[in-house]
Amino acid sequence: MARTAGVLVVQHIAAGLVDKDQIAGPLRMFPEKSDSHDALLAMPADAIAAKIAEVVSASAGSQPLAAVGVGFPGIIREGRVEESPNLQQVKGFRLQQALESLLSTGAGHVAVRIYNDADATAAGIAATRGVLHTLNRVWTLGNGVGFGRYPWAEGTWEGGHSVVTLDPKEQFCGCGGRGHLEGFLGYRAMRMRFLDLEPEEVFANAKAGEQRCAEFVSRCHRALAAATATSIHMDGPGPFYLTGPNAKWIDVGKLDRLVHEMVKMSPLQGSRIEMIPPNDELGIIGAAVNARHATAVS
Ligand SMILES: [Zn+2]
């Protein structure tokens with residue numbers, strides 16, 4: 000039987016076969032063993048595509064693939080990467096087309112679908128919790144700030160670039176825009192703000208009561224609460240999940256209180272926020288689930 004594979008591209012590439020909303024077989028990674036944050040930064044777009052195809056083929060082994068879903072950071076439209084602030088060389092690249100031609104060999108056509116990485120993670124959370132019928136939103140906190148949503152819906156959904164302050168001095172976002180959420184909580188933005196401290200030290204100092212760091216951490220929480228409240232005001236209440244390597248710095252109880260201060264209309268009550276430890280599998284499962292649904296109807 001032809002199988003579905005899922006891929007998540009973040010600071011590395013991870014892929015696996017997915018069956019019944021679960022990983023079915025070993026995960027394959029590139030780089031295989033490394034905490035490297037920049038393995039993909041220097042690779043040209045077509046080399047990244049070739050590497051994704053290689054990792055997918057290794058995870059499929061001899062089994063034929065019907066569909067492959069890929070979660071990729073950036074704005075994705077119709078299989079093309081329209082913008083990817085953290086992998087700029089891929090901007091404009093037709094990733095779906097490239098992967099379909101690399102993967103469709105003698106064995107037949109393999110349908111590939113590309114999604115925003117946070118959307119893939121949202122789908123994976125919804126699938127593994129059996130809540131594919133409800134609206135699920137996810138913030139991924141890493142180098143950038145990703146916003147994902149399931150069910151997948153046509154749109155841009157760049158929630159990480161929500162404007163959360165009118166202060167013109169707030170200009171640390173990777174996209175260059177002023178006042179953005181990622182300008183507070185993106186790892187790269189924090190390094191630019193605190194030239195003398197690493198983000199890990201900023202959060203440790205805040206815990207120890209150092210005033211400058213504690214004020215910043217408090218503003219980070221207000222910024223994330225503001226973007227969450229905006230999403231609730233635009234799209235309604237529901238669960239929000241926090242994940243990614245830097246989600247551990249967020250105090251969920253504090254965030255929840257701030258969101259409730261910012262959202263007061265009674266039909267919009269009832270959102271909740273939950274931390275999910277960073278996990279490639281959710282994005283892999285979600286990309287595969289989305290691709291399977293998309294290719295079953297088209
Ligand atoms: Zn931005």
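In numbering that gives the first Met the number 0, the protein residues as written are 0 to 297.
For glycine and all other residues, C-beta sits at the position ideal for the given N, C-alpha and C.
Quick one, are the C-beta atoms of residue i and residue j less than 8 Å apart?
i	j	result
V8	G91	no
D234	L134	yes
I22	E260	no
G182	F171	yes
L86	P72	yes
V299	T229	Nothing about residue 299 can be reported from this structure: the residues present for the chain run from 0 to 297 only.
L139	G252	At residue 139 the sequence reads Thr, which differs from the Leu that was named. Not a contact, by the Cβ cut-off of 8 Å.
A222	L184	yes
A287	A13	no
P84	C174	yes
L40	I47	no
I231	V262	yes
T127	D18	no
A224	A213	no
Which same chain residues end up closer than 7 Å to residue i when comparing Cβ atoms and leaving out the 5 residues on each side of it in sequence?
i	result
N289	G68, R112, Y114, A119, A122, W151
L165	G178
G24	G15, L16, S58
V366	Limits of the chain in this structure are 0 at one end and 297 at the other, which puts residue 366 out of reach.
G282	L7, G70, D116, A119, T120, G123
P236	L267, Q268, G269, S270
M264	none
Y186	G141, N142, P198, N245
S103	V109
S297	The predicted model places S297 with a pLDDT of 47, which falls under 50 and marks its position as unreliable; any figure quoted below should be read in that light. Excluding sequence neighbours, S297 sits near nothing in its chain.
G176	H160
A97	D45, A48
Quick one, which of the options has its alpha-carbon nearest residue i's?
i	options	result
R271	L281, A287, L254, P30	L254
D116	W156, L98, Q62	W156
K37	F183, G141, M264, L184	Here the sequence assigns Asp to residue 37, which means Lys is not the residue at that position. Taking only the C-alpha atoms, the option nearest D37 is G141.
I74	S58, I22, Q21, E153	E153
A125	P238, K168, L98	P238
N245	K263, M189, A224, A287	M189
R79	R148, D45, F146, F215	D45
K32	K19, A52, Q10	Q10
E99	A213, S56, G208	S56
R2	E81, S61, P167	S61
R27	D18, D20, A52	A52
G159	P167, E214, V137, A213	V137
C219	V144, R93, E81	V144
G285	E82, L131, V54, E77	L131
H292	Y149, G176, Q210, E169	Y149
V54	P30, G129, E77	P30
Leaving out the 5 sequence neighbours to the left and right, which residues in its chain are closer than 8 Å to residue i when beta-carbon positions are compared?
i	result
A295	none
M298	Residue 298 cannot be examined here, being either before or after the span of the chain that is shown, 0 to 297.
V216	V201, F202, A205, W248
What residues in its chain sit with their C-beta under 6 Å from that of residue i, if we drop five residues either side in the sequence?
i	result
A110	A66, T294
I275	Y240, T242
G147	A117, D118, T120, A121, V137
L101	A52
key: Length-filtered (4 minimum) alpha helix (DSSP H) runs lying within the segment 140 to 214   = 181 to 184, 186 to 192, 198 to 206
inquiry  = So if I measure from each beta-carbon to every heavy atom of ligand 1 and keep distances below 6 Å, which residues remain?
reply    = H160, C172, C174, G176, H179, E181
message = Ignoring anything shorter than 4 residues, give me the alpha helix (DSSP H) runs that lie fully in the segment 25 to 94, in order along the chain.
response = 44 to 59
Beta strand (DSSP E) segments (min. 3 residues) lying fully within the segment 224 to 287 = 238 to 242, 271 to 274
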